[in-house]
Amino acid sequence: MAELEASLIEMEKVYTQAIACGDRDTAKHCRRVVIEARRRARFASGNQKVVEEKRRLKAEMSEWMLVWLENPPVFPAWAKLRLKTLLSENSGAY
């Protein structure tokens with residue numbers, strides 16, 4: 001999850017900068033990249049051929065990307081809280 005968190009935080013920086021500069025193409029590209037990654041994660045999370053543990057991980061990843069898509073500037077703070085919750089609930093499973 002740390003790698004996903006870092007990637008989405010970096011993407012949020014690019015997205016926010018693009019919005020601030022009026023670069024709609026870059027902002028749209030950022031969203032498209034996250035939407036496609038979320039689509040793949042959702043597919044894997046529902047695929048019965050995928051091991052249960054990996055399906056749960058992909059479902060969690062999909063939720064992280066949904067939060068990013070709904071409000072990119074809020075994502076970094078949300079991710080820290082969510083990761084802290086996951087670590088306490090699962091004793092480091094993520």
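For reference, each letter of the sequence shown is one residue, going 1 to 94 in the numbering used here. Where is the CB? At the ideal position from N, CA and C, for every residue including glycine. A quick note: this is a predicted structure, and the numbers were derived from the prediction, not measured.
How do the segment 2-9 and the segment 73-85 stand: do at least 3 beta-carbon pairs fall below 8 Å, yes or no?
-> yes
Ends of the alpha helix (DSSP H) at residue 76?
-> For the purposes of this step, residue 76 is identified with residue 76 of the sequence shown, where counting begins at 1. Residue 76 -> alpha helix (DSSP H) spans 75-90.
Return the chain-ordered list of same chain residues with a C-beta closer than 8 Å to the C-beta of residue 19, the five sequence neighbours on each side being excluded.
-> The residue you call residue 19 lines up with position 19 of the sequence shown. Hits under 8 Å: 27.
Beta-carbon proximity list for residue 38, same chain, < 6 Å, skipping 5 on both sides | Numbered from 1 along the sequence shown, position 38 holds the residue referred to as residue 38. Around residue 38: 62 and 65.
Three-way DSSP call (helix, strand, coil) for residue 49 in this model = The residue you call residue 49 lines up with position 49 of the sequence shown. Here residue 49 sits in coil by DSSP.
Buried or exposed: which applies to residue 46, given that a residue is buried once 16 or more other Cβ atoms fall within 10 Å of its Cβ?
-> Position 46 of the sequence shown, counted from the start, is the residue given in the question as residue 46. Exposed.
DSSP state of residue 25, grouped into three classes?
-> Against the sequence shown, residue 25 aligns to sequence position 25. Correct three-state label for residue 25: helix.
Where does residue 1 fall in DSSP's three states?
-> Locating residue 1 in the sequence shown gives position 1, counting from the first residue. Coil.
Could you check which residue in 69, 83, 84 and 42 has the C-alpha nearest to that of residue 105?
-> The displayed coordinates of the chain run from 1 to 94. Any statement about residue 105 would go beyond what the structure contains.
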